[in-house]
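First the structure, in the form of structure tokens, and then the observations on it.
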Amino acid sequence: MATTPLLPDSRTESDGSAVLRVLTYNIRSMQDDTQALARVITACAPDVVMLQEAPRFFRWRKKLARLASDSGLVVLSGGATAAGPALLCSLRATVERTEDVLLPLTPGRHRRGLATAVVRFGGVRLGVLSCHLSLHRDERYEQAGLLLDRLAGLGVEHAVAGGDLNEAPDGGAFRRLAASLTDCRTAAPWGGEHTWTRTAPHRRIDALFATEGVEVLGCGVPHGLPRVTEADLRAATDHLPVLAALRVPPARPGTSSRGTSS
0 MATTPLLPDS RTESDGSAVL RVLTYNIRSM QDDTQALARV ITACAPDVVM
50 LQEAPRFFRW RKKLARLASD SGLVVLSGGA TAAGPALLCS LRATVERTED
100 VLLPLTPGRH RRGLATAVVR FGGVRLGVLS CHLSLHRDER YEQAGLLLDR
150 LAGLGVEHAV AGGDLNEAPD GGAFRRLAAS LTDCRTAAPW GGEHTWTRTA
200 PHRRIDALFA TEGVEVLGCG VPHGLPRVTE ADLRAATDHL PVLAALRVPP
250 ARPGTSSRGT SS
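Each residue of the sequence shown is one higher than the one before, counting from 0 in numbering that gives the first Met the number 0.
Here is the structure:
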């Protein structure tokens with residue numbers, strides 16, 4: 000497979016904006032090759048990682064902390080307290096606040112939640128949210144609306160949401176999110192497209208979304224990225240990661256999140 004062109008490295012621009020690398024990744028409760036998983040995350044050199052299916056049961060905090068440490072990151076929020084979604088970040092980040100949110104439970108179905116935080120990189124403030132939507136179409140659509148409400152409620156001008164949507168871009172929940180947010184892959188395709196390749200047809204069911212004003216420099220599955228081997232991608236978990244480089248403007252005093260309500 001041909002080498003994928005490199006995404007920009009993280010940096011602070013002369014105008015105060017920041018180029019950030021953001022990763023979303025369903026890690027299947029770390030049931031697979033955890034060293035391969037750490038190698039993939041490390042090679043992507045992310046500033047923020049949005050995990051789904053993080054460990055939720057016995058010694059889940061220790062397992063999540065070990066993954067963060069092995070990847071050169073720290074745990075930001077989530078895990079069992081968010082019913083699976085979690086956030087990791089680099090030491091570049093200054094954490095303002097975090098909140099784990101449990102979504103309404105439909106009897107007989109899996110509990111879902113959101114891991115959220117507000118972080119700063121120099122003069123840039125960024126809201127971040129990790130999600131894993133329902134397997135059921137009606138519930139997914141409602142959860143997408145709750146996600147948009149929560150993102151708007153973070154009270155920041157710029158934010159990014161990522162996760163396993165359990166449906167392709169033509170699905171109702173995916174389209175609901177894309178109507179209010181920028182679908183990063185569509186805005187600036189880079190790398191591979193499909194994140195679920197274990198069964199046919201291959202599909203893009205994991206995605207990153209950004210609020211208005213965030214410039215997407217590239218987004219996709221990091222096939223061919225130096226130090227990310229296809230063997231590690233196959234061994235790490237049953238999903239493929241989505242990596243994006245985003246240019247985020249500096250925060251303006253007195254502004255809040257906009258264009259993200261459902």
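We treat Cβ as the ideally placed atom computed from N, Cα and C, and that holds for glycine. Computed from a predicted model, the values in this text were never measured in an experiment.
Distance between Met49 and Arg60 (C-alpha atoms, nearest Å): 16 Å
Val39 by DSSP, collapsed to three states: which one? helix
What residues match up with Gly162 in a beta bridge as DSSP calls it? Cys130 and Ala206
Residue from Leu128, Leu125, Gln142 and Ser70 with nearest C-alpha to Leu104: Gln142
So, do the region 40–55 and the region 78–94 have three or more beta carbon pairs nearer to each other than 8 Å? yes
Specify, as a first and last residue, the run of the beta strand (DSSP E) that Asp99 falls within. Thr93 to Leu101
Do you know offhand how far Pro188's Cα is from Ala177's? 15 Å
From Phe56, Val159 and Ala172, residue whose alpha carbon lies closest to that of Val247: Val159
My guess is that Thr210 and Arg203 are in contact by the Cβ rule of under 8 Å, so how many angstroms apart are they, rounded? So it is not a contact: roughly 21 Å between Cβ atoms.
From Arg175 to Glu138, what does the alpha carbon distance come to, in whole angstroms? 13 Å
Closer than 8 Å is the cut-off here; do at least three beta carbon pairs connect the region 235–247 with the region 25–45? yes
Could you name each continuous beta strand (DSSP E) segment of 3 residues or more that falls completely within the region 18–69, going from the start of the chain to the end? 47–51
Assuming Glu156 and Gly219 make a contact with CB atoms under 8 Å, what is their CB distance in whole Å? 26 Å between Cβ atoms; not a contact.
Counting Cβ pairs closer than 8 Å, one from the region 32–43 and one from the region 109–124, do we hit at least three? Between the region 32–43 and the region 109–124, the count of Cβ pairs shorter than 8 Å is below three; the stretches do not touch.
Out of curiosity, what's the CA-to-CA distance linking Phe173 and Gly161? Whole-angstrom Cα-Cα distance: 11 Å.
State the CB to CB distance for the pair Arg108 and Ser133, rounded to an integer number of angstroms; the pair is presumed to be in contact (CB under 8 Å). 7 Å
Using the DSSP secondary-structure output, state which residues sit across from Gly15 in a beta bridge. According to DSSP, Gly15 bridges with nothing at all.
In whole angstroms, give me the CA-to-CA distance for Gly78 and Thr228. Taking the Cα positions, Gly78 is about 27 Å away from Thr228.
So for Ser179, helix, strand or coil by DSSP? helix
Look up Ala250 in the DSSP assignment and say whether it is helix, strand or coil. Here Ala250 sits in coil by DSSP.
Cross-strand partners of Ala116 (DSSP beta bridge): Thr97 and Val127
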